[in-house]
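In the UniProt record's numbering, the protein residues as written are 1 to 700.
Virtual Cβ for every residue (Gly too), placed ideally from N, Cα, C.
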């Protein structure tokens, strides 16, 4: 009996270990593919940025188009934005049966919205725009770093990424209660994208923010970014909802995102940021920068160093005689700082008050001209601009330095090794080690950091000697059963208490017998989904894989060793996966340890063709480039109409032809665009855009 018990224990431990290994491999596949996709997005953006930097517009029309290509949210001034998104002129039809909002909002409005969204109802565009307008007004008055105290509420609940998964938000409110004067919440960014209900989550969060402005706090995440939204779902969802109102809602959302605070401090001891930190993170700088200038953090706009040097010298009162004459000639002349007139006696209050107003106004006008704010654009003072104006004698940071601060806190990840290095896996931000964490905590007298940004299997994870806590609130992120969601509660003692959950309707309907085998079934299901995605990735790089395999097949036998197969696959995909361990799931049969790579690739092609009846080589190209083509289409579609106009195509082709040194007349471009417009309606939709690539591929 004793020997039998030992055998059973050994069998069970071996079984659990194998199950855990399968789960970890599956996890690495999902995460590697996700990060590779983020890399593609940044590379695509860098490519367009390069084109824009090296293209010289020949007319004001071209210059206007180029300036608007990436700065859709910035292109509207204050009055223009309100006029474009005029919600008051919209009429709500009598047939509308959804929820209605009136301002100021009350708790009843929030509960009505929650019930409506549970019933799959939509909020009318008029109310959405009105809500966004009020949210923007509120956010503009907030500091870059929100300050929360546990003295005024029993506890503070911190939630991580939601990514458009409304069921997770419902479950959090069900378990933890709705926001109220006694229940504070901090939502740590990435509210949108990937999931199907991004807009609904924004509506719920913004509603509670306006009802309980002191109890609900929102941090900006890396997905609260115009360029990221073009690729990951928010853009497509809004345009699909409404071709007319969807564009206006998107425009307002872009502008709201850039006003979201960058961080939150609880009791001056716990710092909450979306991504992480770097060895150059400076909370003093973060508190004073104008965060609304960064519509897209991916698009770090660099100012000319010559101009910036002149500005710094002017501000510091240094002589410009030694500067390069060419630079001085190119740089615009800066206005001299106004000298305030002699202050009148404080005995005459009316005269003294008039002198103060005049002096402040002169200083504001000088600062506006210094930072290139147009005098014609009346811009109301916000919290961050007031902070900037009151600290004119402080350090002067370049635009690039400010941009890097924001990029690092939104995109960075912790690593177990010491030091700080560029985050090459995601393509943005950095990796920071425990020594960097320790220095930042010590410098600002903090206890620990809370961040999100990374999906964790249990919904949360400690690292850096429990000084960094990752919290992720979107359960079933990759696939049903792939991970739990979690939120953390902090009381006055700042000891974290975790609540985990899984918003999975499938699990709720299982019988007790089915539940006993549910973890195994879930792992199998998640594993199958991961390998399906990986096989698609392999198929999309068929041509490159053949070249890599042939490099090891010197004698043209059509076979390579499994070791060479693993090395070649990694050299093409760069996913950092344990290919030898994954081989049994990807390579079905081998002869004498050798792989017939052409038949293996044919099997991959057969699997994909069973789903899409398209020529194999063409399908490979579409699989590899579809996400990039969708993003390019949305970038060219400047007015977010879901269609590319002839003018938009014409101006974009100017960019490409300049980059590729192709001489093409305006008439030639017009002929090209007319040939792509298959249905002759004067616009190019996405199907026509893809069809053009298909025809080019076939002709090749």
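Determine the contact status of residue i and residue j, defining contact as a CB-CB distance below 8 Å.
| i | j | result |
| --- | --- | --- |
| residue 494 | residue 538 | no |
| residue 460 | residue 469 | yes |
| residue 207 | residue 105 | yes |
| residue 280 | residue 146 | no |
| residue 278 | residue 499 | no |
| residue 560 | residue 601 | no |
| residue 473 | residue 485 | yes |
| residue 136 | residue 228 | no |
| residue 649 | residue 673 | yes |
| residue 190 | residue 452 | yes |
| residue 188 | residue 158 | yes |
| residue 450 | residue 203 | no |
| residue 275 | residue 429 | yes |
| residue 683 | residue 636 | no |
| residue 224 | residue 260 | yes |
| residue 211 | residue 169 | no |
| residue 148 | residue 192 | no |
| residue 588 | residue 566 | no |
| residue 209 | residue 199 | no |
| residue 42 | residue 298 | yes |
| residue 31 | residue 426 | no |
| residue 87 | residue 133 | yes |
| residue 176 | residue 487 | yes |
| residue 25 | residue 582 | yes |
Below 8 Å on the Cβ atoms is my contact criterion, and I expect residue i with residue j to pass it. Report the Cβ-Cβ distance as a whole number of Å.
| i | j | result |
| --- | --- | --- |
| residue 411 | residue 222 | 5 Å |
| residue 703 | residue 123 | Because the chain here runs from 1 to 700, residue 703 falls outside it and cannot be looked at. |
| residue 491 | residue 155 | 5 Å |
| residue 226 | residue 254 | 5 Å |
| residue 405 | residue 289 | 7 Å |
Residue i: beta carbon under 7 Å from a heavy atom of the ligand MN?
| i | result |
| --- | --- |
| residue 571 | Of ligands this structure carries none, so the ligand MN is not represented either. |
What residue does the alpha helix (DSSP H) around residue i start on, and which one ends it?
| i | result |
| --- | --- |
| residue 231 | 226 to 232 |
| residue 547 | 542 to 552 |
| residue 461 | Residue 461 -> not in any alpha helix (DSSP H); beta strand (DSSP E) instead, spanning 460 to 463. |
| residue 563 | 562 to 573 |
| residue 263 | No alpha helix (DSSP H) contains residue 263, which is instead part of the beta strand (DSSP E) from 263 to 266. |
| residue 158 | Per DSSP, residue 158 belongs to no alpha helix (DSSP H); it is in the beta strand (DSSP E), 155 to 159. |
| residue 174 | 166 to 176 |
| residue 137 | 125 to 139 |
Between the C-alpha atoms of residue i and residue j, what's the straight-line distance to the nearest angstrom?
| i | j | result |
| --- | --- | --- |
| residue 29 | residue 526 | 11 Å |
| residue 143 | residue 291 | 9 Å |
| residue 464 | residue 475 | 24 Å |
| residue 723 | residue 258 | Any property of residue 723 remains undetermined from this structure, which presents the chain solely from 1 to 700. |
| residue 7 | residue 467 | 41 Å |
| residue 334 | residue 235 | Note that residue 334 scores a pLDDT of 47, beneath 50, so its modelled location is shaky; the value from the coordinates is reported in the next line. For residue 334 and residue 235, the distance between alpha carbons rounds to 40 Å. |
| residue 458 | residue 443 | 31 Å |
| residue 552 | residue 590 | 17 Å |
| residue 270 | residue 456 | 21 Å |
| residue 10 | residue 2 | 12 Å |
| residue 17 | residue 524 | 15 Å |
| residue 438 | residue 153 | 29 Å |
| residue 417 | residue 96 | 57 Å |
| residue 303 | residue 91 | Bear in mind that a pLDDT of 39 at residue 303, under 50, signals an unreliable position, so the number given afterwards is only what the model happens to contain. Cα to Cα, the separation comes out at about 44 Å. |
| residue 420 | residue 296 | 24 Å |
| residue 262 | residue 12 | 48 Å |
| residue 496 | residue 180 | 20 Å |
| residue 150 | residue 19 | 42 Å |
| residue 250 | residue 115 | 24 Å |
| residue 632 | residue 14 | 49 Å |
| residue 687 | residue 634 | 13 Å |
If you measure from the beta carbon of residue i to each beta carbon in chain D, is any gap under 8 Å?
| i | result |
| --- | --- |
| residue 138 | Note that chain D does not occur in the displayed structure, where there is just one protein chain. |
Based on DSSP bridge pairs, tell me the residues matched to residue i.
| i | result |
| --- | --- |
| residue 496 | 490 |
| residue 449 | 271, 468 |
| residue 683 | 645 |
| residue 485 | 501 |
| residue 559 | 596 |
| residue 431 | 413, 421 |
| residue 180 | 183 |
| residue 591 | 594 |
With respect to the beta strand (DSSP E) encompassing residue i, which residues constitute its N-terminal and C-terminal limits?
| i | result |
| --- | --- |
| residue 218 | 216 to 218 |
| residue 596 | 594 to 596 |
| residue 146 | 145 to 148 |
| residue 287 | First-last for residue 287: 283 to 288, but that is the alpha helix (DSSP H), not the beta strand (DSSP E). |
| residue 100 | That residue, residue 100, is in no beta strand (DSSP E); it is neither H nor E in DSSP. |
| residue 186 | 183 to 187 |
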